[in-house]
Amino acid sequence: MTNIHLRLLSLLLLTHFANCRNPSVVIVGAGAAGIAAASRLLENGITNVTILEAEDRIGGRIHSVKFDDNYVDLGAEWCHGQENNVVYNLVKNFNLLKPIRETFPNLFHSKANAIDVSFKNELFGIFLNIYNEDRAGSNYSLGEYINKRFNDTVEKLWSSNSSKLNIARDAIELFEKWVLSYEGAFSWYSIAAESDFVESEGNQQLSWMGRGYKTILDVLMKKYPDLENSLPIDDKILLNKEVQQIIWNVSVDDQTKVSVICSDESNFTADHVILTVSLGVLKERYKTLIVPSLPEDKVRAIEDLGFDAVFKVFFRFTNRWWSDTFEGYTFMWSPHDLEKPDMFFEGPVKNEKSWITSILAIFPVPGNNNVLEAWFTGEFVPEIELCSNETLINGFMYLMSRFDVCDFRDLIRPESLIRDTWYSNPHFKGTYSYQTVKSRVGDRSKAFVLSEPLGPHPGNLSLLFAGEATHPTQFSTVHGAIDSGFREADRLLKIYK
Numbered sequence: 001m002t003n004i005h006l007r008l009l010s011l012l013l014l015t016h017f018a019n020c021r022n023p024s025v026v027i028v029g030a031g032a033a034g035i036a037a038a039s040r041l042l043e044n045g046i047t048n049v050t051i052l053e054a055e056d057r058i059g060g061r062i063h064s065v066k067f068d069d070n071y072v073d074l075g076a077e078w079c080h081g082q083e084n085n086v087v088y089n090l091v092k093n094f095n096l097l098k099p100i101r102e103t104f105p106n107l108f109h110s111k112a113n114a115i116d117v118s119f120k121n122e123l124f125g126i127f128l129n130i131y132n133e134d135r136a137g138s139n140y141s142l143g144e145y146i147n148k149r150f151n152d153t154v155e156k157l158w159s160s161n162s163s164k165l166n167i168a169r170d171a172i173e174l175f176e177k178w179v180l181s182y183e184g185a186f187s188w189y190s191i192a193a194e195s196d197f198v199e200s201e202g203n204q205q206l207s208w209m210g211r212g213y214k215t216i217l218d219v220l221m222k223k224y225p226d227l228e229n230s231l232p233i234d235d236k237i238l239l240n241k242e243v244q245q246i247i248w249n250v251s252v253d254d255q256t257k258v259s260v261i262c263s264d265e266s267n268f269t270a271d272h273v274i275l276t277v278s279l280g281v282l283k284e285r286y287k288t289l290i291v292p293s294l295p296e297d298k299v300r301a302i303e304d305l306g307f308d309a310v311f312k313v314f315f316r317f318t319n320r321w322w323s324d325t326f327e328g329y330t331f332m333w334s335p336h337d338l339e340k341p342d343m344f345f346e347g348p349v350k351n352e353k354s355w356i357t358s359i360l361a362i363f364p365v366p367g368n369n370n371v372l373e374a375w376f377t378g379e380f381v382p383e384i385e386l387c388s389n390e391t392l393i394n395g396f397m398y399l400m401s402r403f404d405v406c407d408f409r410d411l412i413r414p415e416s417l418i419r420d421t422w423y424s425n426p427h428f429k430g431t432y433s434y435q436t437v438k439s440r441v442g443d444r445s446k447a448f449v450l451s452e453p454l455g456p457h458p459g460n461l462s463l464l465f466a467g468e469a470t471h472p473t474q475f476s477t478v479h480g481a482i483d484s485g486f487r488e489a490d491r492l493l494k495i496y497k
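First residue of the sequence shown: 1, per UniProt numbering; consecutive thereafter.
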């Protein structure tokens with residue numbers, strides 16, 4: 001087919017779309033991207049919208065749950081930065097976010113106990129300087145890059161101080177955990193050193209102060225600040241609607257439609273479908289979820305981009321036993337202590353290590369006086385998700401005793417906990433995406449390839465893709481997810497204007 005014929009066909013399709021007064025749109029997923037897309041469409045007069053959500057709630061990887069006096073966030077927790085951040089821009093006039101001082105928790109070593117604050121700050125300063133370096137052109141994994149740079153730096157800095165040098169060498173295992181909490185991977189050798197991610201400048205820990213990240217959903221739906229001005233999105237959402245298959249080239253009355261079949265055998269037909277499921281779900285199900293099969297470049301993007309998980313658990317206490325100035329605890333292990341599989345007798349063991357060694361840190365929770373939050377990262381995350389509440393609480397008590405972090409007489413056993421299961425939940429299969437070394441091969445961004453819409457003819461936008469993993473520079477973030485939802489809605493609005 002010649003270029004002239006393609007242009008004529010595109011023009012005919014655009015004319016057909018433009019003549020449709022109210023096209024039908026099905027959005028798969030009521031997370032940040034899906035709600036953003038729906039709000040944009042409704043605000044601009046496209047009202048024939050249906051949102052299919054597999055869970056029994058909206059929000060996706062935003063999951064704010066009432067716990068003690070206020071909300072805690074089992075998923076996305078912080079607004080990261082102010083510049084070029086759609087989340088911040090949407091709420092900046094409502095006094096909803098509070099900057100939290102960006103400090104690192106008190107550092108404890110399994111042999112040396114509490115580490116001096118100035119030495120701790122030196123170690124974290126070296127790590128952050130290396131982590132934030134411009135790594136353009138590097139073909140290494142992030143683990144290889146940081147390992148070499150960090151070890152070279154501390155060997156030069158403390159060559160004549162064996163005590164500090166030994167602790168600094170042990171710190172590399174801790175800093176891998178911090179990297180994994182930022183990137184969401186199970187190993188930092190899976191992460192590309194060079195990255196397209198662009199950080200939004202400003203404070204990276206803007207807290208919702210007990211309101212929960214769910215607040216951004218209310219803002220998108222215009223429920224906040226004035227409920228009377230809310231968009232009719234709730235009426236468009238169908239919960240517990242797990243999509244089984246999307247057929248994106250169905251012919252109905254000589255028109256191309258998209259058929260969406262749910263696991264309860266309900267069926268929806270639309271002019272357009274915006275698919276916002278996580279990259280984890282795509283990795284697990286793309287071969288059967290989407291018919292006809294995806295183009296090879298999109299398959300490569302799905303397979304090459306990374307998507308693993310972190311684990312968070314919130315502990316509630318009857319009384320607050322920590323001070324108002326408490327900044328949390330983070331833990332280092334000597335190589336000898338690290339490889340003691342029987343150090344804590346409960347829970348999973350892997351490669352001669354106990355799951356308890358995958359603890360990153362314990363933090364206070366802004367807006368929740370009697371709650372502490374613990375993060376775990378790395379290869380143990382899938383197994384930790386399956387641990388009982390009792391094992392998690394016993395693990396917490398063991399850590400407090402093992403590292404002698406406080407007067408044990410003051411320590412109170414948590415009365416309850418709440419935790420996430422992002423990796424084992426089939427509707428998510430993980431937390432957030434990252435760029436692997438393999439995903440950097442080639443001239444085109446894999447996230448951009450993933451974002452490209454599909455249709456049987458040029459100009460026919462049958463199946464569109466949104467979600468944080470489809471954002472070329474703000475993947476892994478809520479603001480990236482919202483931007484992607486707006487992007488796909490705008491793509492449709494351009495047709496129907």
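By construction, the Cβ of each residue, glycine as well, lies at the ideal position given by its N, Cα and C atoms.
Since we're looking at a predicted model, the values are computed, not measured.
Item	Value
Top-ranked residue by Cα proximity to Pro366, from Asn22, Arg211 and Gln244	Arg211
Proximal residues to Tyr88 (C-beta, below 8 Å), its chain only, five neighbours per side dropped	Cys79, Gly81, Gln82, Leu97, Ser200, Gly202, Leu206 and His479
Three-state secondary structure assigned by DSSP to Thr436	strand
Residues near Val49 in its chain [Cβ-Cβ closer than 6 Å; skip 5 each side]	Val25, Ala38, Leu41 and Lys236
Assigned exposure category for Asn267 - 16 Cβ within 10 Å defines buried	exposed
Enclosing alpha helix (DSSP H) for Asn121 [first to last residue]	Val117 to Tyr131
Buried/exposed call for Val243, threshold 16 Cβ in 10 Å	buried
Short Cβ contact (8 Å threshold) for Val310 with Leu180	yes
Own chain, CB closer than 7 Å to Lys222, minus 5 neighbours either side, in chain order	Asn229, Ser230 and Leu231
Spatially closest choice to Tyr213 from Ile62, Ala447 and Arg440, by CA coordinates	Ile62
Nearest-angstrom Cβ-Cβ length linking Leu463 and Val281, presumed shorter than 8 Å	Contact doesn't hold; Cβ gap of about 15 Å is too wide.
Within the region 18-55, ranges of the alpha helix (DSSP H) (whole runs, at least 4 residues)	32-43
Continuous beta strand (DSSP E) assignments of at least 3 residues falling wholly in the region 439-490	463-465
Nearest-angstrom Cα separation, counted from Thr256 out to Phe17	Bear in mind that a pLDDT of 48 at Phe17, under 50, signals an unreliable position, so the number given afterwards is only what the model happens to contain. Taking the straight line from one Cα to the other gives about 11 Å.
Contact check, Val65 vs Asn368, beta carbons under 8 Å	no
Proximity winner among Thr473, Ile246, Tyr182 and Ile418, relative to Ile393 (alpha-carbon distances)	Ile418
Bridge partner(s) assigned by DSSP for Tyr423	Its beta-bridge partners do not exist; DSSP assigns none.
Local Cβ density within 10 Å of Gly45, reported as buried at 16 or more and exposed below that	exposed
CA-to-CA distance, His471 to Phe428, given in whole angstroms	18 Å
Given Leu123 as reference, the closest of Asp134, Val154 and Ile247 once Cα atoms are compared	Val154
Bounding residues of the alpha helix (DSSP H) (the contiguous stretch that carries Arg169)	Ser162 to Glu183
Sub-8 Å separation of Phe104 and Lys120 beta-carbons	yes
Inside the region 235-263 only - beta strand (DSSP E) runs reaching at least 3 residues	243-252 and 255-262
Segment contact flag, the region 131-150 with the region 184-194, C-beta cutoff 8 Å, min 3 pairs	yes
Given Val381 as reference, the closest of Lys340, Asp410, Leu492 and Asn425 once Cα atoms are compared	Asn425
Cα-Cα separation, Ser293 to Val260	15 Å
Where the beta strand (DSSP E) through Glu194 begins and ends	Taken as a continuous stretch (DSSP letters only), Glu194 belongs to no beta strand (DSSP E), as it is neither H nor E.
Burial state of Asp253 (16 or more Cβ within 10 Å)	exposed
Endpoints, the beta strand (DSSP E) within which Asp73 is located	Asn70 to Asp73
Buried or exposed by the 16-neighbour rule on C-beta atoms within 10 Å, applied to Asn19	Confidence in Asn19 is poor, its pLDDT being 45 and thus under 50, which makes the residue's placement too unreliable to answer from.
Leu52 vs Leu238 beta-carbon contact at 8 Å	yes
Beta-carbon spacing of Ala32, Leu279 below 8 Å	no
CA-to-CA distance, Leu289 to Glu183, given in whole angstroms	27 Å
From Ala76, Lys92 and Leu174, residue whose alpha carbon lies closest to that of Ser334	Leu174
Cut-off 6 Å between Cβ atoms - residues of its own chain near Ser118, not counting five sequence neighbours on either side	none
Residue burial classification, Val441 (beta-carbon count within 10 angstroms, cutoff 16)	exposed
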